[in-house]
Ligand code: SAM
Ligand code: SF4
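Numbering (our numbering), first residue to last: 17 to 342.
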């Protein structure tokens, strides 16, 4: 289904929980947040119903996220139910990888196609500074487990944060020389309580590219310099993998946006960077018809805003990334 600006909206990111075992500096305060009570989280059957309603509206690709999606004990069941829905062409997951050693194979067997693993640095101090409760060994176990399970291609998410992990951007890029991995550098976005950190420590993709080139020499644009999805792709000459730069702040890709989000507490979030949401939990739980649910997705697509207003200093204040589903 097309939105009112003619964009085909077909990619749904479903947040399975707002809880997380880590406390990344730009995402969640050390003390945690007020989390959605367990009985208010969507059950596996409810998630499948929501996904079916979304496919009726034209959604074809699903990404499971959070919080940390692998904290859900029923994560394999959720993937399996989604896999059985006709119309869903791809199921991906964004995860900090902490539980992937155990889960990668069962998830792949249940129908998960691929994962993005969040790892902000390979340098021990910089990893701990940004992702705080992260454990280095877990990161490498996660990547190996995902590769062994065939959750390919492996994409590594790096949120570049000045003074925290920016000295490690070239080291991360070097990983692509010998591995067919995609390292994706994401510009920091101001959201909810940790917005101040994002505003104070923001680094543009252009500066990240300059820093990588200063240490490693020139990198080559791919795809004729055009966006590939949300990323501008490059490669280190001769490398097996690629580098992607995602620039929602310095170079917004709103015109190509094809996505919408479902929050862990049962709301459709029309744009990551706008607080506009439509609640569907009551519709799901009060005996309304499936058609009513489909119609909420249709409304959401119709009312999707054009884009964000970060350049005007306006950013979402109500929720952090972990509460929306990044
Ligand atoms: N816990 C999982 C993880 O960390 O990948 C999934 C949820 S997390 C909210 C999804 C992604 O959001 C992370 O991979 C991280 O790259 C990104 N992220 C979180 N906070 C961000 C922020 N303020 N700006 C930009 N990206 C952010
Ligand atoms: Fe947790 Fe992911 Fe947020 Fe880090 S970015 S605190 S791993 S939800």
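Yeah, the Cβ is synthetic: ideal placement off N, Cα and C, and Gly gets one too.
Other residues of its chain near residue i: CB distance less than 7 Å, five sequence neighbours each side excluded
| i | result |
| --- | --- |
| residue 245 | none |
| residue 160 | none |
| residue 21 | 322 |
| residue 299 | 308, 309, 312 |
| residue 166 | 124 |
| residue 42 | 175, 177, 204, 210, 213, 214 |
Straight-line Cα distance separating residue j from residue i
| i | j | result |
| --- | --- | --- |
| residue 235 | residue 252 | 5 Å |
| residue 316 | residue 276 | 9 Å |
| residue 177 | residue 146 | 8 Å |
| residue 36 | residue 90 | 15 Å |
| residue 64 | residue 149 | 32 Å |
| residue 281 | residue 96 | 21 Å |
| residue 266 | residue 327 | 9 Å |
| residue 164 | residue 121 | 8 Å |
| residue 162 | residue 168 | 8 Å |
| residue 87 | residue 103 | 27 Å |
| residue 195 | residue 254 | 11 Å |
| residue 106 | residue 78 | 6 Å |
| residue 94 | residue 66 | 12 Å |
| residue 243 | residue 179 | 28 Å |
| residue 269 | residue 134 | 21 Å |
| residue 57 | residue 233 | 48 Å |
| residue 127 | residue 218 | 37 Å |
| residue 260 | residue 306 | 39 Å |
| residue 155 | residue 303 | 43 Å |
| residue 68 | residue 24 | 18 Å |
| residue 285 | residue 239 | 31 Å |
| residue 183 | residue 262 | 18 Å |
| residue 153 | residue 119 | 16 Å |
| residue 272 | residue 29 | 16 Å |
| residue 76 | residue 274 | 11 Å |
| residue 220 | residue 318 | 32 Å |
| residue 297 | residue 62 | 9 Å |
| residue 193 | residue 202 | 20 Å |
| residue 72 | residue 206 | 33 Å |
| residue 158 | residue 241 | 31 Å |
| residue 99 | residue 224 | 37 Å |
Identity of the residues DSSP links to residue i by a beta bridge
| i | result |
| --- | --- |
| residue 29 | 79, 277 |
| residue 249 | 260 |
| residue 200 | 173, 260 |
| residue 109 | 80, 131 |
| residue 333 | In the DSSP output, where bridge partners are listed per residue, residue 333 has none listed. |
| residue 244 | 247 |
| residue 18 | 24 |
| residue 236 | 251 |
Any C-beta of chain B under 9 Å from that of residue i
| i | result |
| --- | --- |
| residue 112 | Of the protein chains in the structure, only one exists, and it is not chain B. |
Residue i - containing alpha helix (DSSP H), residue span
| i | result |
| --- | --- |
| residue 91 | 91-99 |
| residue 230 | 221-232 |
| residue 118 | 116-126 |
| residue 311 | 306-318 |
| residue 46 | Where residue 46 is concerned, there is no enclosing alpha helix (DSSP H), given that its DSSP letter is neither H nor E. |
| residue 66 | 60-72 |
| residue 194 | 185-194 |
| residue 145 | 140-147 |
| residue 55 | That residue, residue 55, is in no alpha helix (DSSP H); it is neither H nor E in DSSP. |
| residue 213 | 211-216 |
Neighbourhood of residue i by C-beta distance below 6 Å, restricted to the same chain and skipping five residues each side
| i | result |
| --- | --- |
| residue 181 | 136, 137, 142, 146 |
| residue 132 | 110, 171, 173 |
| residue 74 | 17, 26 |
| residue 283 | 293, 295 |
| residue 31 | 81, 82, 279, 280, 341 |
| residue 34 | 51, 52, 83, 280, 338, 339 |
| residue 70 | 28, 313 |
Cβ neighbours of residue i in the same chain (closer than 8 Å, five flanking residues each side left out)
| i | result |
| --- | --- |
| residue 208 | 332, 333, 334, 335, 336, 337, 339 |
| residue 38 | 44, 84, 112, 114, 147, 148, 149, 150 |
| residue 191 | 138, 172, 197, 199, 257 |
| residue 237 | 248, 249, 250 |
| residue 46 | 39, 148 |
| residue 129 | 106, 107, 108, 167 |
Beta strand (DSSP E) segment containing residue i, residue limits
| i | result |
| --- | --- |
| residue 255 | Premise fails: residue 255 is in no beta strand (DSSP E) and is neither H nor E. |
| residue 153 | Per DSSP, residue 153 belongs to no beta strand (DSSP E); it is in the alpha helix (DSSP H), 152-164. |
| residue 293 | 293-295 |
| residue 284 | 283-285 |
Residue i: CB within 8 Å of a non-hydrogen atom of the ligand HEM
| i | result |
| --- | --- |
| residue 187 | For the ligand HEM, the structure offers nothing, since it holds only the ligand SAM and the ligand SF4. |
Exercise. Count the CB pairs spanning the region 326-336 and the region 288-296 that are closer than 8 Å, and state whether there are at least three.
Key: The region 326-336 is in contact with the region 288-296.
Quiz item: Is it true that the region 212-229 meets the region 292-299, where meeting means three or more beta-carbon pairs spaced less than 8 Å apart?
Solution: Result no; under three Cβ-Cβ pairs closer than 8 Å.
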